[in-house]
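Numbering (this note's numbering), first residue to last: 42 to 429. Backbone N, C-alpha and C define an ideal beta-carbon position, used for all residues, glycine too. The structure appears below as structure tokens.
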Amino acid sequence: MDRLQAPLSAYESAWVNDDVRMFRKTVAQFIEKEFVPHQARWREARGPDAEAWVRAGRAGILLADLPEEYGGGGGTFAHEAVVLEELARAGVHFGSAIQSTVAHYILRYGAEAQKRNWLPRLARGESVAAIAMSEPGAGSDLQAIKTSAVRDGEHYVINGSKTFITNGARADLVCLAAKTNPKVIGMRGISLIMLETKNLPGYRVGRALEKIGMHGQDTVELFFDEVRVPVANLIGEAEGRGFAQMMEQLPYERLQIAVGAVAMAEQAVAITTSYVKERKAFGKPLLDLQNTRFKLAECKTGAQIGRVFLDHCIERFIAGRLDEPSTAMAKYWLTETQCRIVDECLQLHGGYGYMTEYPIARMWADARVQRIYAGSNEIMKELIAWSL
Ligand SMILES: Cc1cc2nc3c(=O)[nH]c(=O)nc-3n(C[C@H](O)[C@H](O)[C@H](O)COP(=O)(O)OP(=O)(O)OC[C@H]3O[C@@H](n4cnc5c(N)ncnc54)[C@H](O)[C@@H]3O)c2cc1C
């Protein structure tokens, strides 16, 4: 019994050094003080306060793994992982992962002037970023997107729509996937273009989409009607490279998701362990029932195996050696494991597990989308299968 009660943190990831440990302390304190007290309100408003972004920027939580010369934290993916883990543990939805993802597109493919213009603002939280790939008619099959960006002198004229866009309500910098050459069928006609959306004629944010979970984060539709954007906002040296850029950068996003998956699974085990020690049935704590112990033993084992594989992936990613099939395995398997564990933990809460005031209920609803976005788990299996 004592072993079951030992904290999950008894194991420490090899990528955690003194610097990362100190950073974790700062991040955890910041989230506890600045984000946690506002969660009910953010969920009600379907998104965080605008000031939350600036506060996060000031605390050094945004773009933790970007070079200091562009305003980033100068850390590695370890620092990014710490932010994601602490947000997941606190049950806070805040789109800093998307902010980082967009920043990495700019860092990797952007011109020097673009980096100097956008990255420091993103790091300070003065700008909020979104990435707009998915459309009503094209999610998994990104080659089928229809939003067009037709060149007219020194501008692109953009028409079309996007859906399911995280941070979209607040975003003033949107990384848009559009067809710059509608005549080319498939991947070669797609480019990434940055839109500065403030007072941009023809740009419209649609309704907040009603999700089953993740209510503290905004997800919206975006509409483009003859939107004019300078050609200088193209990401990369030439048109038609957007699909390749997305394929190269999606592993970063998928690893972010895997980090959140393991952190939530660990947290679910931790809070459920506390709950079953307190809650009594038939005159004794639920933990005294063999089924409860066995289920939690299974969950803890799943979370621990997930943690070890994730750590392996993080270390390889930091070393620049994480291959695509392994990233796909991490995204697919860790999110499936997360959902299974959270579901088991909800069951152990009984009826209270179905009440949204209990964190486990919110985790259950929040976790489900992890198997769908950033490339569904079926697409992940395709990527893994290509390596067979
Ligand atoms: C909360 C939320 C936030 C999101 N945030 C963003 C965002 O910020 N930016 C953005 O661009 N998008 C975002 N998305 C969109 C997300 O990436 C897509 O929903 C996802 O890629 C799946 O696309 P789809 O919804 O069109 O499903 P579809 O592509 O229609 O797929 C439907 C089903 O068919 C399966 N399927 C499709 N193709 C295959 C295949 N080849 N083999 C086997 N099965 C297949 C899928 O796995 C799925 O089960 C978000 C989605 C949600 C729900």
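- Contact check for Ile359 against Trp56 passes: the beta carbons are separated by less than 8 Å.
- By the neighbour-count criterion, in which a residue is buried when 16 or more other Cβ atoms sit within 10 angstroms of its Cβ, Gln331 is exposed.
- In the DSSP assignment, Gly283 falls within the unbroken alpha helix (DSSP H) covering 283–319.
- Contact between the segment 113–123 and the segment 237–244 is absent: fewer than 3 CB-CB pairs across the two stretches fall below 8 Å.
- The beta strand (DSSP E) runs of length 3 or more contained entirely in the segment 183–229 are, from start to end of the chain, 189–193, 196–207, 214–220.
- Under DSSP, Met235 takes part in a beta bridge, and its partners are Cys216.
- Distance from the Cα of Arg295 is smallest, within the candidate group Leu107, Ala81, Ile420, for Ile420.
- Secondary structure of Pro326 (DSSP, three-state): strand.
- With contact defined as three or more Cβ pairs closer than 8 Å, the segment 197–205 and the segment 263–270 are in contact.
- Distance from the CA atom of Ile72 to the CA atom of Val225, rounded to whole angstroms, is 47 Å.
- When the Cα atoms are used, Leu429 and Asp364 turn out to be separated by approximately 13 Å.
- When only Cα atoms are considered, Gly392 and Ala406 end up about 15 Å apart.
- Assigned with DSSP and collapsed to three states, Arg403 falls in helix.
- Rounded to whole angstroms, the Cβ separation of Trp94 and Val169 is 6 Å, and the two are in contact under 8 Å.
- Between the segment 120–133 and the segment 173–184 there are fewer than three C-beta pairs closer than 8 Å, too few to call the two in contact.
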